[in-house]
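Visitor: This is the structure I want to talk about, given as C-alpha cells.
There are 2 protein chains.
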Amino acid sequence: MVTAARYYPQLLSIMGNTLRFLPAFVAMHKLLLEGYVGEMQVCDVRVYGPSLLDQSYGWTCEELMGGGGLHTVGSSIIDLLNYLTGFRAHRVHGLLRTFVQQNGLIRGIRRVTSDDFCFFQMLMGETGSSSGGLCCTVTLNFNMPGSFVHEVMVVGSTGRLVARGAELYGQRNGSKGEELLLGDSGWVGPEVKEMPLPHLLGLSSMVKGLRQSFQAHEERRSWAKGPVAMAPTFEDGLYVQTVVEAVKRSSCSGEWECVEIMSQEPDPNHNLCEALQRNKT
Amino acid sequence: MVTAARYYPQLLSIMGNTLRFLPAFVAMHKLLLEGYVGEMQVCDVRVYGPSLLDQSYGWTCEELMGGGGLHTVGSSIIDLLNYLTGFRAHRVHGLLRTFVQQNGLIRGIRRVTSDDFCFFQMLMGETGSSSGGLCCTVTLNFNMPGSFVHEVMVVGSTGRLVARGAELYGQRNGSKGEELLLGDSGWVGPEVKEMPLPHLLGLSSMVKGLRQSFQAHEERRSWAKGPVAMAPTFEDGLYVQTVVEAVKRSSCSGEWECVEIMSQEPDPNHNLCEALQRNKT
C-alpha cells in the first residue's frame, strides 16, 4: 500500500489519524517549532477512560484483530508525537495487560485478549540518527469508567506545553503559573457519545480540510495539497505500525526493542503463517 | 543497622519517610484495605517540580552521594506504595536521565551526575510470592520550575483513589464524578519554601506521633508503639534501598531487574571497592 501510494501521488492517500488536526495540537506544533519549550526533553501522555470493548464479542476483544488500547489509541498517540516533535522512535519498551478478561457479556470459553492497560516508553530522535535524546512515556488505562483524561505534555529546557482534552496550556520557566494558550471551542454538532472530544473535534477539522482541499478545484477531480498538508501519509502509517509491533514485542520479551522500518515488501504468506502460529501458542 | 535494630527492639528505630503519616495517605490506606477500589490493578505516581540541586555544588549533584530524584523522592514513593498496597516489588524497570548537567553555578570541570528525570515501573505482589499482579508506574521530573505536582493514583476493578497534593479524591465505577474524600487542612506553621506541602504536613504528623509516643510514658524513657505503628521500620528501609538499586541497575542494563532483599550482611570493604570501581568507569 505504501508503494502504491508513492506510485500514484495524484491520488489522495492519507491515514485517518485525526488528532493532528485538533486546533490545540496544531498550535502546540507551531509553538514547539518556535522554541516555546526550548530543547525538548520529556513527553508524557496519559489517556484514561472507560472500556474500549464493544457490547458484544467482536474485534475489539481480540488483539490479533486490532483491538485494545495500544492499537486503537496508542497508534494515534505515536503518530501525534511524531507530528509534534518531528522526531521518530528508535527504541521502545512496553508493558501490556488485560485486567478484565471476562465480563457480563463476554464469558464462557471466550476471553478478551486485547489490552486494557498499556504503558510504553519511546526514545526518540531525528529521523536517520540513532541517538534518542527525547524520552516519551505513554500511559493508556481503560479501566476507568466515568472518566476521560487526555493529556499530552512536552517538557523542555525553557518551558512546557500541556494539551488537556482540547485545550492548550503553557508555562515558561521563570513564570509563576500556567497560561491558557488555546481554549476549547466546544462541539456544536449532534451529540456523539462514543467518541472523546479531542478525536471528535480533530475529525471535524480533518473533514473540513478535505472539503477545502477538493473545493479548491472546480471539477473536484483533483485536490489542493495545502488544507491536508499536515495529514499523516502512508509512510507515517507504516512507521506507526512498526512502533506498535515493537511495543508488543517488548511486552513479550521484557527488553528494549529497536524500531526498524520495513524497506522491502514482506511475503504475505509468511506473515499469515506467523500470525497463526503466534495465535496457537 | 537492620540487625542492630532487631536486637534492641526497645529502642525506637524508624525511617524518616514522612509521607506515610500524611492524613490523605492514612485515609487512602484505610479505604484500600476496606476495598474501595476492589482488586488493585495499576498505581500511577507523578511528582513534578523544580530542580532538586542545591545552590552550590554538593551531594545533591552527585549520584553516588545520594543526590537525584530517585534517591530523594523516588525512595519515599517506593516506601509509600509498599505501605498503601501492602505489596512489594518483585521486578522493576527504570530509566534515569540527567538533562541539566551544568548550570550557571555548576560548571567548568564539574558536572551533575544525579538524575533530574526518573521513570520506573514496578511489578508488585504479596511478600514471598513471585507473581506480581499490580503494575506501578512512577514518573519523577525535576525540570519544571514554577510547578509542583504530587499525584498518587490507585486504580482497581471497582473504583479508584487519587491523592493530589495533600487532598484525597475517589470515584467508584458507576458514579458520575470524583468525590472529595479528604480536604487539605493546610499548613499553619511558619513558611517553609524548600519543602513541598505533602512532605511538610507528613513530617508534622510524624513528629506529633513521636511526641504522643513518648508522652504516653511518664518518664519518657520508653515509648508507646501505637502512635508510631505506621512508621517505616529499618526492614522497610532495606527494601526501599534494594528497589532503588534495582532501578539503577535496570537503567544501565535496559532490562527488567529482580528485587532481591539482602539476607546476609555484606562485606563493607567489598562494597566500597565496587562503588569506587563504578565511579571510575
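Sequence order for the protein chains is A and B.
Note that this note's numbering has the first sequence beginning at 954, numbered continuously upward.
Note that this note's numbering has the second sequence beginning at 954, numbered continuously upward.
Here a beta-carbon is modelled for each residue, glycine too, at the ideal position from N, C-alpha and C.
Beta strand (DSSP E) containing A/Leu-1133: first to last residue?
Guide: For the purposes of this step, residue 1133 of chain A is taken as residue 180 along the first sequence, with counting starting at 1. 1132-1135 is the span of the beta strand (DSSP E), which, as asked, contains A/Leu-1133.
Visitor: Taking 8 Å as the limit between beta carbons, can you name the residues of its chain near A/Leu-1023, skipping five residues before and five after?
Guide: In the first sequence, the residue the question calls residue 1023 of chain A occupies position 70. Cβ neighbours of A/Leu-1023 beyond the five flanking positions: Gly-1047, Leu-1049, Asp-1068, Cys-1071, Phe-1073, Leu-1093, Val-1197, Val-1200 and Lys-1201.
Visitor: Name the chain A residues whose beta carbon is nearer than 8 Å to that of B/Cys-1088?
Guide: One-based indexing of the second sequence puts residue 1088 of chain B at position 135. Those within 8 Å of B/Cys-1088 in chain A are Leu-1048, Arg-1050, Phe-1070 and Phe-1072.
Visitor: Grouping DSSP H, G and I as helix and E and B as strand, with all else coil, what is A/Asp-1068?
Guide: Along the first sequence, read from residue 1 onward, the residue named residue 1068 of chain A stands at position 115. Correct three-state label for A/Asp-1068: coil.
Visitor: Enumerate, from N- to C-terminal direction, the unbroken beta strand (DSSP E) stretches of 3 or more residues contained entirely within the region 956-1038 of chain A.
Guide: Counting whole runs of 3 or more residues, the region 956-1038 of chain A contains the beta strand (DSSP E) stretches 993-1001.
Visitor: Closer than 8 Å to a non-hydrogen atom of the ligand FMN - does that hold for the CB of A/Thr-1090?
Guide: Because no ligand of any kind appears in the structure shown, any question about the ligand FMN cannot be addressed here.
Visitor: Buried or exposed: A/Glu-1213, going by 16 or more other Cβ atoms within 10 Å of its Cβ?
Guide: Residue 1213 of chain A sits at position 260 when you count from the first residue of the first sequence. It counts as exposed.
Visitor: If I follow the unbroken alpha helix (DSSP H) through A/Thr-1195, where does it start and stop?
Guide: As a working note, residue 1195 of chain A is residue 242 in the first sequence. Run containing A/Thr-1195: 1187-1206, per the alpha helix (DSSP H) assignment.
Visitor: Which chain A residues are close to B/Val-995, counting only those with a beta carbon under 9 Å from its beta carbon?
Guide: Start at 1 with the first residue of the second sequence, and residue 995 of chain B comes out as number 42. Result: Arg-1050, Phe-1052, Phe-1070, Phe-1072, Thr-1092, Asn-1094 and Asn-1096.
Visitor: From this set, A/Ser-1100, A/Glu-1132, A/Phe-1101 and A/His-1103, which residue's C-alpha is nearest A/Gly-1112's C-alpha?
Guide: The residue given as residue 1112 of chain A occupies position 159 in the first sequence. Ranking A/Ser-1100, A/Glu-1132, A/Phe-1101 and A/His-1103 by Cα distance to A/Gly-1112 puts A/Glu-1132 first.
Visitor: Is the number of C-beta pairs between the region 994-1006 of chain A and the region 1098-1107 of chain A that are closer than 8 Å three or more?
Guide: Yes, they touch.
Visitor: Name the chain A residues that come within less than 7 Å of B/Gln-909, Cβ to Cβ?
Guide: As shown, chain B starts at 954 and ends at 1234. That puts residue 909 of chain B outside it, with no answer to give.
Visitor: Please report whether the beta-carbon of B/Gly-1130 lies at a distance below 9 Å from any beta-carbon of chain A.
Guide: For the purposes of this step, residue 1130 of chain B is identified with residue 177 of the second sequence, where counting begins at 1. Yes, its Cβ sits closer than 9 Å to a Cβ of chain A.
Visitor: When you compare the CB of A/Gly-1002 with every CB in chain B, is at least one pair closer than 9 Å?
Guide: Here the question's residue 1002 of chain A lines up with position 49 in the first sequence. No, A/Gly-1002 does not count as interfacial toward chain B.
Visitor: Which value, in whole angstroms, describes the spacing of the CA atoms of A/Val-1115 and B/Ser-1216?
Guide: As a position in the first sequence, residue 1115 of chain A is number 162, starting the count at 1. As a position in the second sequence, residue 1216 of chain B is number 263, starting the count at 1. Each residue's Cα considered, the two are about 46 Å apart.
Visitor: Of all Cβ atoms in chain A, is any one closer than 9 Å to the Cβ of B/Ser-1110?
Guide: Locating residue 1110 of chain B in the second sequence gives position 157, counting from the first residue. For B/Ser-1110, the answer is yes, since a Cβ of chain A falls inside 9 Å of its Cβ.
Visitor: Thinking C-beta only, is B/Met-1183 closer than 9 Å to B/His-982?
Guide: On the second sequence, position 29 is the one that residue 982 of chain B refers to. On the second sequence, position 230 is the one that residue 1183 of chain B refers to. Yes, the pair counts as a contact, with Cβ atoms nearer than the cut-off.
Visitor: Does any residue of chain A have a CB that is nearer than 9 Å to the CB of B/Arg-1202?
Guide: Stepping through the second sequence from its first residue, residue 1202 of chain B is reached at position 249. Taking Cβ atoms only, chain A never reaches closer than 9 Å to B/Arg-1202, which makes this a no.
Visitor: By Cβ distance below 6 Å, which residues in the same chain neighbour B/Pro-1185 in space, the five residues on each side in sequence not counted?
Guide: What you label residue 1185 of chain B is simply residue 232 of the second sequence in a count that begins at 1. Once the five neighbours on either side are set aside, the close Cβ partners of B/Pro-1185 are Met-968, Asn-970 and Asp-1032.
Visitor: Could you give the DSSP three-state label for B/Met-1148: helix, strand or coil?
Guide: As a position in the second sequence, residue 1148 of chain B is number 195, starting the count at 1. B/Met-1148: coil per DSSP, three-state reduction.
Visitor: If I follow the unbroken beta strand (DSSP E) through B/Val-1107, where does it start and stop?
Guide: Residue numbering aside, residue 1107 of chain B sits at position 154 when the second sequence is read from its first letter. Counting along the chain, the beta strand (DSSP E) containing B/Val-1107 begins and ends at 1102-1109.
Visitor: For B/Glu-1120 and A/Phe-1052, I'd like the C-alpha separation in whole angstroms.
Guide: For the purposes of this step, residue 1120 of chain B is taken as the residue at position 167 of the second sequence. For the purposes of this step, residue 1052 of chain A is taken as the residue at position 99 of the first sequence. Roughly 28 Å between the two C-alpha positions.
Visitor: For chain A, find out if any of its Cβ atoms is closer than 9 Å to the Cβ of B/Trp-1012; answer yes or no.
Guide: Here the question's residue 1012 of chain B lines up with position 59 in the second sequence. No, because no Cβ of chain A sits closer than 9 Å to the Cβ of B/Trp-1012.
Visitor: How many angstroms separate the CA atom of B/Arg-1125 from the CA atom of B/Leu-1153?
Guide: Taking the second sequence and counting its residues from 1, one reaches residue 1125 of chain B at position 172. Taking the second sequence and counting its residues from 1, one reaches residue 1153 of chain B at position 200. Going by the C-alpha atoms only, they are around 30 Å apart.
Visitor: Do we get a CB-CB distance below 9 Å when we pair A/Arg-1041 with the residues of chain C?
Guide: Although the question refers to chain C, the structure presented lacks it and instead comprises the protein chains A and B.
Visitor: What residues are listed by DSSP as bridge partners for B/Gly-1179?
Guide: Numbered from its first residue, the second sequence carries residue 1179 of chain B at position 226. Looking at the DSSP assignment, B/Gly-1179 forms no beta bridge with any residue, so it has no partner.
Visitor: In the DSSP assignment, the beta strand (DSSP E) including B/His-1043 goes from what residue to what residue?
Guide: Start at 1 with the first residue of the second sequence, and residue 1043 of chain B comes out as number 90. B/His-1043 -> beta strand (DSSP E) spans 1041-1050.
Visitor: Closer than 9 Å, Cβ to any Cβ of chain B: which residues of the region 1183-1195 of chain A, in chain order?
Guide: Within the region 1183-1195 of chain A, no residue has a Cβ that lies closer than 9 Å to any Cβ of chain B.
Visitor: Quick one: give me the first and last residue of the beta strand (DSSP E) that A/Leu-1093 is part of.
Guide: Translated into positions along the first sequence, residue 1093 of chain A becomes position 140. 1087-1094 is the extent of the beta strand (DSSP E) around A/Leu-1093.
Visitor: Using alpha carbons as the reference points, say which of A/Ala-1177, A/Gly-1123 and A/Lys-1146 lies closest to A/Tyr-1237.
Guide: Residue numbering for chain A in the displayed model covers 954 to 1234; residue 1237 of chain A lies beyond these limits and cannot be assessed.
Visitor: Among A/Tyr-1192, A/Leu-965, A/Val-979 and A/Glu-992, which one has its Cα closest to the Cα of A/Thr-1080?
Guide: Here residue 1080 of chain A is taken as the residue at index 127 of the first sequence, counted from 1. Ranking the options by Cα distance to A/Thr-1080, first place goes to A/Tyr-1192.
Visitor: Could you give the first and the last residue of the continuous beta strand (DSSP E) run that contains A/Ala-1116?
Guide: As a first step, residue 1116 of chain A must be located in the first sequence, where it is residue number 163. First-last of the beta strand (DSSP E) with A/Ala-1116: 1112-1117.
Visitor: Which word fits B/Trp-1012, buried or exposed, when buried means at least 16 other C-beta atoms lie within 10 angstroms of its C-beta?
Guide: Here residue 1012 of chain B refers to the residue found at position 59 when the second sequence is read from its first residue. Label assigned to B/Trp-1012: exposed.
Visitor: Take the Cβ of A/Ser-1206 as the centre, count every other Cβ of all protein chains shown within 10 Å, and call the residue buried at 16 or more, exposed below.
Guide: Start at 1 with the first residue of the first sequence, and residue 1206 of chain A comes out as number 253. It is exposed - the Cβ of A/Ser-1206 has fewer than 16 other Cβ atoms within 10 Å.
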